[in-house]
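Contents: one structure, followed by commentary.
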Ligand SMILES: *[C@@H]1O[C@H](CO)[C@@H](O)[C@H](O)[C@H]1NC(C)=O
């Protein structure tokens, strides 16, 4: 009888250790859901992979990331710049790596099966990238879809 509470404590500790290990593995996998090939397709379809640092109608860089997207993607910054500086957003998303990491964070948050084909792949990430985390089941511009496909 006296051993019983002791065993249940050990049991709980083992279960929570196992659970936290499983969770951190899943977190690692979930952290960068988009492959490099898919990132290449996204920039090709979005900007023709034009690396000119430029903002058009609030969308910047070779992935045409908007301010709201950057915020949802974790407000990443270049070289420890404060995210509160006005230039932090364009500086990050005009940089290919900072922009790609922003996309990874955004997709880790919003990834879903937009086209209901039973898997989450680059078509879904492309739809989320273009239409946002809450509108990705909508129709994509034909040229965007064609470039993505090729
Ligand atoms: C890249 O974009 C800039 C600015 O819009 C433009 O001047 C330039 O011609 C583009 N480069 C290519 C290779 O399309």
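In mature numbering (1 follows the signal peptide of the UniProt record, and there is no 0), the protein residues as written are -20 to -1, 1 to 130. Cβ coordinates follow ideal geometry from the N, Cα and C atoms, glycine included. Note that the structure is a prediction, hence the values are computed from the model and not measured.
| Item | Value |
| --- | --- |
| So, is residue 73 buried or exposed, given that buried needs 16 or more other C-beta atoms within 10 angstroms? | buried |
| With DSSP run on the structure shown, which of helix, strand or coil describes residue 73? | helix |
| Sorry if obvious, but does the Cβ on residue 30 come closer than 8 Å to a heavy atom of ligand 1? | yes |
| Could you spell out the range, first to last residue, of the alpha helix (DSSP H) harbouring residue 14? | Note, residue 14: premise wrong, no alpha helix (DSSP H); not H, not E. |
| Within 8 Å: the Cβ of residue 34 and any heavy atom of ligand 1? | yes |
| Which same chain residues end up closer than 7 Å to residue 2 when comparing Cβ atoms and leaving out the 5 residues on each side of it in sequence? | With a pLDDT of 49 at residue 2, under the threshold of 50, the modelled position of that residue is not reliable, and no figure is offered here. |
| Which residue's Cα is closest to the Cα of residue 123: 35, 25 and 20? | 25 |
| At 4 residues or longer, and completely inside the segment 11 to 66: list those alpha helix (DSSP H) runs for me, N to C. | 16 to 27 and 47 to 52 |
| Roughly how many angstroms separate the alpha carbons of residue 23 and residue 81, rounded to a whole number? | 13 Å |
| Cα separation between residue 40 and residue 93? | 26 Å |
| Compute the Euclidean distance between the alpha carbons of residue 119 and residue 21, then round it to the nearest angstrom. | 18 Å |
| Are the beta-carbon atoms belonging to residue 43 and residue 83 less than 9 Å from one another? | yes |
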